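Q:
Numbering (my numbering), first residue to last: 16 to 116.
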């Protein structure tokens, strides 16, 4: 793996990446390949550094079809902040034995 723009980029090629022109990356939240496709009716191409599953799980809400890219990027930032807060609260609880204020 090589480091580019602060997140891991996979060196291997995959048919989906060739078709969509997407760059392979490792998701910053779940640490899995971010380019994998999830089955379902929504066609959602992942935007680095967060995979589509984590974008939906940790993000604001499911954006409607045809939403502009800037709205998706705001959702990605919210998802990353949400996951970071969750991890910080878990570490605080493990260290002090009670929930953070």
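Note that the Cβ used here is the ideal one computed from N, Cα and C, for glycine as well.
Bear in mind the structure is a predicted one, so any value in this text is a computation, not a measurement.
Considering residue 92, what are the terminal residues of the alpha helix (DSSP H) in which it resides?
A: Residues 84-111.
Q: Please go through the same chain and pick out, in chain order, the residues whose beta-carbon is closer than 8 Å to the beta-carbon of residue 70, but skip the five residues on each side of it.
A: Here the set comprises 59, 61, 62, 87, 90, 91 and 94.
Q: Given that a residue counts as buried once 16 or more other Cβ atoms are within 10 Å of its Cβ, and exposed if not, what is residue 100?
A: By the 10 Å Cβ count, residue 100 comes out exposed.
Q: Tell me where the alpha helix (DSSP H) around residue 70 begins and ends.
A: Residue 70 -> alpha helix (DSSP H) spans 67-73.
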